[in-house]
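Undergrad:
Numbering (this note's numbering), first residue to last: 1 to 127.
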């Protein structure tokens with residue numbers, strides 16, 4: 001899929017998965033740029049918004065109709081890197097090209113994990 005300027009990357013991914021009734025999706029690769037990067041950094045309870053000219057260096061994760069877990073790495077106009085847990089609010093600058101794969105014999109879901117205290121991925125055979 002290709003996203004255009006101003007589109008929210010995570011919202012578009014989740015909408016695409018829901019609209020196409022996909023049950024177990026992985027992000028294979030991505031290239032693009034952002035004007036806004038909304039990221040939750042490691043061990044922080046809330047996200048942080050950065051505004052500027054950013055290149056997407058890496059975008060990986062799993063998506064299903066009820067949720068997702070996506071990480072992003074970006075570089076700024078000086079090549080300085082930052083990244084973490086992608087949240088809604090990452091807006092496309094020029095383009096964002098995403099290659100997705102659906103595992104057609106699997107179904108992903110999320111369940112609370114008392115060890116991590118987050119909703120974590122559960123992989124099941126598709127019925």
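Quick reminder that beta carbons are idealized off the backbone N, C-alpha and C, glycines included.
Helix, strand or coil, according to DSSP, for residue 9 in the structure here?
TA: The residue labelled residue 9 in the question sits at position 9 within the chain shown. In the structure shown, residue 9 sits in a helix (DSSP, three-state: H, G or I).
Undergrad: Check whether the segment 106-115 touches the segment 41-49, taking contact to mean three or more Cβ pairs, one atom from each stretch, closer than 8 Å.
TA: no
Undergrad: Along the chain, where does the beta strand (DSSP E) that runs through residue 125 open and close?
TA: As a working note, residue 125 is residue 125 in the chain shown. Here the beta strand (DSSP E) through residue 125 covers 118-125.
Undergrad: Based on the DSSP secondary-structure assignment, which residues constitute the bridge partners of residue 54?
TA: The count along the chain shown starts at 1 and reaches residue 54 at position 54. For residue 54, which the question treats as bridged, DSSP gives the partners 34.
Undergrad: Work out the CA separation of residue 37 and residue 8 for me, nearest whole Å.
TA: Residue mapping note: residue 8 aligns to position 8 of the chain shown, counting from 1. Residue mapping note: residue 37 aligns to position 37 of the chain shown, counting from 1. Taking the straight line from one Cα to the other gives about 10 Å.
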